[in-house]
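Chains A and B, in that order, are what the protein sequence lines are. Quick note: the first sequence uses the working numbering, first residue 19, plus one each step. Quick note: the second sequence uses the working numbering, first residue 19, plus one each step.
There are 2 protein chains.
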Amino acid sequence: MARDEFALIREWTGRSYGLEGNGVSVGLGDDAAVFSVAAGMEVVACCDAMIETVHFLRETMSPCDIGYKAMISNISDIAAMGGIPRYALVTIGVSPGWQADECKRIYEGIDQAAKLYNVRMIGGDTVATPDALHLSITLLGEVESGRALRRSSARAGDLLFLTGPVGSSAAGLDLLLSRRERAVEPRPDWQTLVAQHQRPTAQVEAGRLLLKSGLGRALNDISDGLASEAWEIAEASGCKIVIEAERVPMLEEMRSYAASVGKNPLDWAFYGGEDYQLIGSVPATEAETLAAAFAEHGLPFYLLGTVEAGQPGVWLSEQGSERPLPKAGYNHFKDEAGEDQNG
Amino acid sequence: MARDEFALIREWTGRSYGLEGNGVSVGLGDDAAVFSVAAGMEVVACCDAMIETVHFLRETMSPCDIGYKAMISNISDIAAMGGIPRYALVTIGVSPGWQADECKRIYEGIDQAAKLYNVRMIGGDTVATPDALHLSITLLGEVESGRALRRSSARAGDLLFLTGPVGSSAAGLDLLLSRRERAVEPRPDWQTLVAQHQRPTAQVEAGRLLLKSGLGRALNDISDGLASEAWEIAEASGCKIVIEAERVPMLEEMRSYAASVGKNPLDWAFYGGEDYQLIGSVPATEAETLAAAFAEHGLPFYLLGTVEAGQPGVWLSEQGSERPLPKAGYNHFKDEAGEDQNG
């Protein structure tokens with residue numbers, strides 16, 4: 019990619035995001051961006067990278083989807099702290115196989131997600147890479163001082179909840195890959211699963227409700243699969259978590275697609291990941307109030323298990339018996355997945 | 019690289035940086051980090067990526083140097099705003115040719131620079147990449163509200179200054195490459211140039227002095243070469259900049275090495291980059307006071323030209339005549355360099 023094509027991307031992003039004001043003192047176009055933080059608020063910061071062939075394939079994600087999903091995965095991390103997403107710094111590494119027009123569409127996807135969640139792009143870096151495209155985003159947000167929702171806050175006596183169905187993204191990916199590999203004829207309603215994989219939703223409103231109501235205790239987002247995220251809460255909180263298999267929310271489209279390919283849908287729910295729902299805990303005595311608050315805001319809410327005293331770990335309760343739920347997820351394309359130091 | 023090797027890196031970085039307190043409410047190990055900002059301060063944010071084969075070669079930089087320099091290039095961007103570097107989020111993309119032990123040494127380099135500049139690692143991501151190693155760092159700092167030093171603040175009547183010699187890093191790289199390609203026998207004193215390339219210094223103290231004294235006007239850091247950075251100030255400020263060739267500070271070692279390889283040292287000074295000195299402007303009436311303040315702090319200070327009214331651009335004054343100084347720098351390894359959206 020030639021230097022003037024980088025300039026084009028830069029110009030395009032500058033046109034879309036470079037404005038100052040509304041908390042931003044210095045936007046794009048200087049050595050660093052500068053923004054103010056409202057009194058009583060702290061900064062929430064995370065970063066998450068997506069690498070071609072490791073996290074996505076050109077065949078399964080359009081350039082616009084790639085940008086969109088990279089933003090969502092970061093916004094979701096802010097949501098999982100109960101925070102408000104505010105600013106993004108986007109680093110794109112462009113390899114020779116990617117055209118300027120495709121890069122522009124990646125930024126369009128970033129822009130679409132940014133607009134939807136009121137995020138402004140305030141910085142970044144555009145570099146050449148020899149091989150795979152990579153997209154690394156830092157997202158900065160705000161949260162009320164001392165009130166961020168932690169993984170480590172679950173307590174025995176809490177109930178475990180989810181903000182929506184899980185496993186859809188993995189099923190959608192399977193459908194995308196099987197079209198190519200197994201020539202499965204997709205049913206029109208399965209398209210929902212593909213959309214969940216390519217254009218997921220971040221649960222910012224749910225995260226804010228959990229924080230503002232004072233009822234949410236532990237919180238985590240489902241980026242690596244329900245099992246792995248429940249394990250993170252169990253280990254960080256020093257508790258035993260029991261998930262009831264029948265209560266795991268899954269889309270009917272996901273179940274029917276799983277049946278058609280002879281797959282246990284719980285495998286996708288537990289080990290698929292990239293659903294970006296929130297999993298958390300609420301004191302049992304407050305669960306009904308919280309469920310009502312979610313209902314009032316038109317947000318889904320599912321109780322799916324309990325937090326108990328005991329050796330930290332996750333158990334699956336199914337047909338009256340409990341068995342340990344293994345921690346490990348799987349990676350879609352490779353044996354080794356990314357490890358998020360704060361994700 | 020196997021999953022447990024990623025875990026090892028994660029564990030290692032967690033051990034070194036994961037602690038909370040002192041402004042950090044949530045450190046490594048949750049979905050996002052959370053920190054507070056002191057009253058009267060704003061957040062300064064930048065990010066800068068370094069890609070193997072584009073920004074460095076294994077032959078010219080040890081793993082420890084790579085980590086160290088990636089931190090410095092980001093800390094330098096904070097310095098160029100007059101800010102205080104505080105927190106880092108580090109994303110490393112590890113390709114199959116890199117061993118866990120080398121990755122650990124990259125983090126050791128990051129750690130060394132972080133300790134030197136009081137920066138804490140609060141987050142990041144560790145991912146696999148198919149080919150080249152990449153290291154992308156977001157640096158967050160603080161600056162007094164409304165007082166960040168901008169590229170756009172130069173005014174006609176200002177004098178142009180530099181905080182130290184330029185061109186040393188490019189000369190050091192040339193020396194490293196020529197050892198391999200031209201079998202040049204290096205003189206011991208040229209080792210200084212190699213050190214400037216591998217272990218540069220960020221001018222945080224100078225940046226703070228410029229801000230706190232109230233005397234610094236425009237400011238920029240030399241990441242892409244003196245010509246390119248002067249052009250950025252000229253264009254952002256809408257001024258003509260005139261640089262006097264004889265005043266450009268260059269190390270004696272750099273001049274002698276340039277002479278030995280038949281190179282004009284000004285080429286490295288103007289187009290080499292990665293010196294991480296600060297270039298800025300000061301009202302002419304305040305230049306003497308500012309120079310005295312630098313001297314008092316034991317910091318170098320060089321006046322090298324003037325800011326004038328006129329068509330935005332950079333001119334070189336040499337032996338009594340002025341000629342336009344081209345903007346373009348060069349890239350060390352490839353034809354297309356990275357473009358920093360805020361760097």
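By construction, the Cβ of each residue, glycine as well, lies at the ideal position given by its N, Cα and C atoms. Predicted model only: the values in this text are computed from it and were never measured.
Check: Could you give the distance in angstroms between the alpha-carbon of A/Arg270 and the alpha-carbon of A/His215?
Finding: Per the sequence shown, the amino acid found at residue 270 of chain A is Glu instead of Arg. In a straight line, the C-alpha of A/Glu270 is about 16 Å away from that of A/His215.
Margin query: Give me the DSSP bridge partner(s) of B/Lys258.
Written below: B/Glu326, B/Gly331
Notebook entry, point to check: In the structure shown, what three-state DSSP assignment does A/Ala106 receive?
Noted result: strand
Notebook entry, point to check: Which stretch, first to last residue, makes up the alpha helix (DSSP H) that contains A/Gly141?
Noted result: A/Gly141 -> not in any alpha helix (DSSP H); beta strand (DSSP E) instead, spanning 138-146.
Check: For chain A, is any of its Cβ atoms less than 8 Å away from the one on B/Ser163?
Finding: yes
Margin query: Measuring alpha carbon to alpha carbon, tell me which residue in B/Glu336, B/Glu306, B/Ser43, B/Tyr294 is nearest A/Leu166.
Written below: According to the sequence shown, residue 166 of chain A is Ala rather than Leu. The candidate whose alpha carbon is nearest that of A/Ala166 is B/Ser43.
Notebook entry, point to check: So which residues on chain B does A/Asp49 lean against when the C-beta distance must stay under 7 Å?
Noted result: Cys64, Asp95, Ala98, Met99, Asn238, Asp239, Asn360, Gly361
Next item on the list: Excluding the 5 residues preceding and the 5 following A/Leu107 in the sequence, name in chain order all residues of the same chain whose CB lies nearer than 6 Å to its CB.
Entry: Excluding positions up to five away in sequence, the list reads Gly141, Gly142, Thr156.
Note to self: For the beta strand (DSSP E) containing B/Gly298, name the first residue and the last one.
What the structure shows: 296-301
Checklist line | Beta-carbon proximity of A/Asp176 to A/Val266, cut-off 8 Å | finding: Cβ atoms of A/Asp176 and A/Val266: not closer than 8 Å.
Notebook entry, point to check: With 8 Å set as the bound, which would you pick, yes or no: does the beta-carbon of B/Lys345 sit closer than that to a beta-carbon of chain A?
Noted result: no
Check: Any C-beta of chain A sitting closer than 8 Å to the C-beta of B/Phe74?
Finding: no
Check: Run through DSSP, which three-state label would A/Lys40 get?
Finding: The question names Lys, but residue 40 of chain A is Asn in the sequence shown. Coil.
Notebook entry, point to check: Looking at C-beta atoms only, is the number of pairs between the segment 310-322 of chain B and the segment 221-237 of chain B that lie closer than 8 Å three or more?
Noted result: yes
Notebook entry, point to check: Using Cβ-Cβ distances below 7 Å, what residues of the segment 302-313 of chain B are close to chain A?
Noted result: none
Margin query: Quick check on DSSP: helix, strand or coil for A/Phe351?
Written below: Note that A/Phe351 scores a pLDDT of 48, beneath 50, so its modelled location is shaky and nothing firm can be said.
Next item on the list: Only counting runs of 4 or more residues, tell me where the alpha helix (DSSP H) segments fall wholly within the segment 143-226 of chain A, in order along the chain.
Entry: 186-199, 209-216
Check: If you compare alpha carbons, which of B/Arg273, B/Leu296, B/Gly45 is closest to B/Asp285?
Finding: Nearest to B/Asp285 by alpha-carbon distance, out of B/Arg273, B/Leu296, B/Gly45, is B/Arg273.
Margin query: Would the segment 178-187 of chain B count as touching the segment 205-214 of chain B if we require 3 or more Cβ pairs under 8 Å?
Written below: yes
Check: Quick one: is B/Arg138 near chain A, going by C-beta distance under 8 Å?
Finding: no
Margin query: Assuming A/Ala63 is part of the alpha helix (DSSP H), what are its boundary residues?
Written below: Unbroken run through A/Ala63 is the beta strand (DSSP E), 59-69; no alpha helix (DSSP H).
Next item on the list: Could you check what DSSP says for A/Leu237 in three-state terms: helix, strand or coil?
Entry: strand
Check: Are three or more beta carbon pairs between the segment 236-243 of chain B and the segment 113-131 of chain B nearer than 8 Å?
Finding: no
Note to self: Counting C-beta neighbours from all protein chains within 10 Å, is the total for B/His73 16 or more, i.e. buried, or is it exposed?
What the structure shows: buried
Margin query: Do B/Glu126 and B/Gly85 count as a contact pair if the criterion is CB distance below 8 Å?
Written below: Their beta carbons are under 8 Å apart, which means B/Gly85 touches B/Glu126 by this criterion.
Check: Interface residues of chain B around A/Pro330 at Cβ under 7 Å?
Finding: Ordered by position in chain B, no residue passes the 7 Å Cβ test against A/Pro330, which lies about 14 Å from the chain.
Check: Using DSSP with H/G/I as helix, E/B as strand and the rest coil, what is A/Glu340?
Finding: strand
Notebook entry, point to check: Taking the DSSP output, what are the residues bridged to B/Ala308?
Noted result: It should be pointed out that residue 308 of chain B corresponds to Leu in this sequence rather than to Ala. None, per the DSSP bridge assignment.
Note to self: Taking 8 Å as the limit between beta carbons, can you name the residues of its chain near B/Arg173, skipping five residues before and five after?
What the structure shows: Closer than 8 Å at the Cβ level, and outside the excluded window around B/Arg173, lie Arg235, Ser255, Cys257, Ser299, Pro301, Val325.
Notebook entry, point to check: Residues bridged to A/Ala74 by DSSP?
Noted result: The question names Ala, yet the displayed sequence has Phe at residue 74 of chain A. According to DSSP, which records beta bridges pairwise, A/Phe74 is partnered with A/Glu70.
Check: Beta carbon of A/Ser154, beta carbon of A/Cys65: below 8 Å?
Finding: yes
Margin query: In the DSSP output, which residue or residues are listed as bridge partners for A/Tyr320?
Written below: A/Leu180
Notebook entry, point to check: In the DSSP assignment, what residue or residues form a beta bridge with B/Val112?
Noted result: B/Ala146
Margin query: Check whether chain A comes within 8 Å of B/Pro148, counting only Cβ atoms and requiring the distance to be less than that.
Written below: Cβ-Cβ to chain A under 8 Å: yes for B/Pro148.
Notebook entry, point to check: Is B/Leu322 closer than 8 Å to B/Ile261 when the C-beta atoms are compared?
Noted result: yes
Margin query: For A/Pro206 and A/Val279, what's the separation of their Cα atoms in angstroms?
Written below: 16 Å
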